[in-house]
Amino acid sequence: MSSALIVIGNPNPESFTHALAGVVVETLRERGLTVDVHDLYAEDFEPVAPSAEAFTVGMEVEEAIAATADPIIRAHRQALSVADYLVIAHPNWWGKPPAIMAGWMDRVLVPGLAYRLDSREGLPTPLLSLKSVLVLNTGDTPAHREYKAFGDPLDAIWRRCVGTYLQPARVHRMLAGPLGGATDEQRDAWLAQARAMAQHI
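Just so we're aligned: 180 in full-length UniProt numbering is position 180 of the sequence shown, and the numbers increase by one with no gaps anywhere.
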């Protein structure tokens with residue numbers, strides 16, 4: 001049976017980020033997938049990696065999973081190692097993920113588990129079996145201004161930077177915004193878009 005790992009990084013459990021993740025979870029379960037949901041703030045995920053976790057280069061998958069004393073980090077690494085699909089949900093904070101999500105990237109997407117680097121060329125060899133990645137972002141900047149004024153930095157982070165290390169999985173992304181002043185009809189449309197994207201992947 002296929003499985004999906006859902007990782008949510010928003011401190012407000014009533015947020016629209018959670019609502020988007022919720023319809024994706026529901027949709028994937030309806031499609032028969034096993035869904036593993038992790039709400040980073042609810043889990044008190046520690047985003048700062050201790051120095052001991054820096055030494056994962058050259059490790060095999062099981063070694064990389066075990067190379068932490070933190071049972072929460074170990075659980076996330078284990079879930080990622082067997083996932084077919086990855087769903088990331090977080091708001092846009094200053095053109096970047098919240099610190100807790102950046103910490104998840106630092107501590108979970110580690111060499112030996114997610115990828116291996118060629119020591120001469122610095123090119124990654126992806127190690128995961130992900131088929132696709134879905135990134136759900138919320139924000140208060142219209143999508144066209146996010147792209148024109150700022151170059152859409154979150155798209156660069158997830159699609160061009162992180163996505164390179166997760167190939168051959170394709171990164172699909174949506175931005176719901178601006179949330180401020182959004183009508184119920186607009187929010188319903190964003191939820192429908194997230195559901196459709198979940199069905200597509």
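Every residue, glycine too, gets a C-beta built ideally from N, C-alpha and C.
Residue i and residue j closer than 8 Å at C-beta
i, j, result
"His-76", "Val-108", "yes"
"Ala-198", "Thr-27", "yes"
"Ala-79", "Leu-154", "no"
"Arg-160", "Arg-173", "no"
"Met-59", "Ala-67", "yes"
"Ile-100", "Pro-47", "yes"
Contact set for residue i: own chain, Cβ-Cβ below 6 Å, skip 5 residues either direction
i, result
"Arg-29", "Val-35"
"Asp-39", "Ile-8"
Exposure of residue i, with buried meaning 16 or more beta-carbon neighbours within 10 Å
i, result
"residue 224", "Residue 224 lies beyond the residue range present for the chain, which begins at 1 and ends at 201; the question has no answer from this structure."
"Pro-142", "exposed"
"Val-24", "buried"
"Pro-97", "buried"
"Asn-12", "exposed"
"Asp-44", "exposed"
"Ala-42", "exposed"
"Val-171", "buried"
"Gly-163", "buried"
"Asp-118", "exposed"
Own chain residues within Cβ distance below 8 Å of residue i, not counting five before or after
i, result
"Arg-120", "none"
"Ala-49", "Gly-103, Asp-106 and Arg-107"
"Tyr-85", "Ser-2, Ser-3, Ala-4, Leu-5, Leu-28, Leu-33, Leu-130, Lys-131, Ser-132, Val-133, Leu-134 and Ile-201"
Cβ shell of residue i (< 7 Å), same chain only, five flanking positions each side left out
i, result
"Ala-64", "Thr-56, Arg-77, Val-110, Gly-112 and Leu-113"
"Tyr-115", "Pro-124, Thr-125, Pro-126, Leu-127 and Tyr-165"
"Phe-150", "Gly-95"
"Ala-194", "Leu-20, Val-23, Val-24, Leu-136 and Met-174"
"Leu-191", "Ala-19, Leu-20 and Val-23"
Contact with chain C by residue i, beta-carbon distance below 8 Å
i, result
"Thr-138", "Absent here is chain C; the protein component of the structure consists of one chain."
Should the segment 10-26 be regarded as contacting the segment 64-71, the criterion being three or more beta carbon pairs within less than 8 Å? no
Three-pair Cβ contact test at 8 Å for the segment 80-96 versus the segment 127-137: yes
Report yes or no: do three or more beta-carbon pairs, one from the segment 102-117 and one from the segment 178-188, lie closer than 8 Å? no
Within the segment 130-170, note down every full beta strand (DSSP E) run reaching 3 residues or more, in order along the chain. 132-138
Unbroken stretches of the beta strand (DSSP E), 3 residues or longer, contained in the segment 28-114: 34-39 and 85-91
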